[in-house]
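J.:
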Amino acid sequence: MDVLVMLDENPDHSPVLAHVNSVTSPLASNRPARDIVTLYGVPSPELLALALAAAVESHRTGEGHEYPNAIRHLGVWAEHGAIGDAAWRDVGTGELMSRDLEIPLDILHGTATQLLSECGQLIRRLVAGLSMPDWPEGARRAITISLEPVAGLAAPVFAPLESLLDRLREADSLAYEYEGE
2 MDVLVMLDEN
12 PDHSPVLAHV
22 NSVTSPLASN
32 RPARDIVTLY
42 GVPSPELLAL
52 ALAAAVESHR
62 TGEGHEYPNA
72 IRHLGVWAEH
82 GAIGDAAWRD
92 VGTGELMSRD
102 LEIPLDILHG
112 TATQLLSECG
122 QLIRRLVAGL
132 SMPDWPEGAR
142 RAITISLEPV
152 AGLAAPVFAP
162 LESLLDRLRE
172 ADSLAYEYEG
182 E
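Residue 2 is where the sequence shown starts when you use my numbering, and the numbers rise one by one after that.
#1: Just how far apart, CA to CA, sit residue 139 and residue 93?
#2: Candidates 90, 51, 21, 85: which alpha carbon is nearest residue 113's?
#3: Within 10 angstroms of the Cβ of residue 43, are there 16 or more other Cβ atoms? Answer buried if so, exposed if not.
#4: Would you mind sorting residue 10 into buried or exposed? The rule is 16 or more other CB atoms within 10 Å of its CB.
#5: With the cut-off set at 8 Å, would you say residue 109 and residue 85 are in Cβ contact?
#6: Considering only residues of the same chain and omitting the five flanking positions on each side of residue 78, which have a CB-CB separation below 7 Å?
#7: According to the Cβ coordinates, are residue 40 and residue 53 closer than 8 Å?
#8: Relative to the C-alpha of residue 145, which residue among 130, 137, 122, 58 is closest?
#9: In its own chain, which residues sit with a C-beta less than 8 Å from the C-beta of residue 117, not counting the 5 before and 5 after it?
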């Protein structure tokens, strides 16, 4: 399961902590389906773990689970858990089907706690990468990770953040001329 984690630093327009959306793979492509997690405000390991828990649980539970190409949209709320819906095309009739999804807060907290205990250091590194002040001006703060199933949950395997940030710094230095260099 590929996940694009983005940071929206202006939470004024969103009353939720995070959004989790799934994007199916194109029919004529080898690319896997992807989940997009958008965090609002100041990121923290706990918030990221809660949002990743919603992504993991949306694939494990809820209506539409039996349809791998279901498109899911969830809002993660501090008081309510994850609430949203799933939509997919029925294979036999081609009819568009949809179902409401709700993942209770206690399930999200349990999965988030497990993610933090198994992969806490990596989650903290991802939050640190999203929070770094030296992202290029106007760049969208986003990092792609891959969640591979391990013992019924998922273990994040992160592309090295250092190499990503080095590439961004290098690209930034190519765009500007510095005095004395």
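Cβ atoms here follow ideal geometry from the backbone N, Cα and C, with glycine treated the same way. None of the values given here were measured: they were computed from a predicted structure.
T.: Inspection of the coordinates gives the following:
#1: 46 Å
#2: 51
#3: exposed
#4: exposed
#5: no
#6: 17, 18, 84
#7: no
#8: 130
#9: 46, 47, 50, 124
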